[in-house]
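*Asks:* The structure under discussion is supplied below as structure tokens; questions concerning it will follow.
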Amino acid sequence: MALLCELAGIARSSYYKWAARKNNPTPKQIEEQALKEKILECHTQLKGIYGYPRVCVWLKKTFGLNINHKRVYRLMKELGFVRALGPGSHTLADGRLGLPQPMC
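Anchor point for the sequence shown: position 56 equals 79 in this note's numbering, and the numbering is continuous, going up by one each time.
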């Protein structure tokens, strides 16, 4: 193990700390897993039409949870429910990305 850690450029103690943490999740990881399950419930119940701001409101109304919108955004991104559209990008009715129409 020492050789592998040396090749990877990390301390042996860091590897063992990571391995121990992998089997014993922290309280925050447990809480975030529970939040992900609630976000997944919202996503399936409402057929994925809510973005992260409305999911925040849904969590507050349904479960009484007051959660920061940035945290909900991050968790939804980890679940693959948030897609980033840059400025000027639009989605067409069939789901393809299109360019905005020029203004006359």
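In this text, a Cβ means the ideal position worked out from N, Cα and C, and glycines have one as well.
When you compare the segment 68-79 with the segment 37-56, are there three or more beta-carbon pairs, one atom per stretch, that lie closer than 8 Å?
*Replies:* The answer is no - the segment 37-56 does not touch the segment 68-79, with fewer than three Cβ pairs under 8 Å.
*Asks:* Would you say Gly71 reaches chain D, if we count a Cβ-Cβ gap shorter than 8 Å as a contact?
*Replies:* Within the model displayed, chain D is absent; a lone protein chain is all it includes.
*Asks:* Is Ala34 helix, strand or coil when you go by DSSP?
*Replies:* Coil, per DSSP.
*Asks:* Which stretch, first to last residue, makes up the alpha helix (DSSP H) that contains Thr85?
*Replies:* It spans Tyr75 to Phe86 - the alpha helix (DSSP H) in which Thr85 sits, taken as one unbroken run.
*Asks:* Does the distance from the C-beta atom of Leu82 to that of Lys61 stay below 8 Å?
*Replies:* Yes. Within cutoff.
*Asks:* How is Val105 classed by DSSP in three states: helix, strand or coil?
*Replies:* Note: Val105 maps to coil in three-state DSSP.
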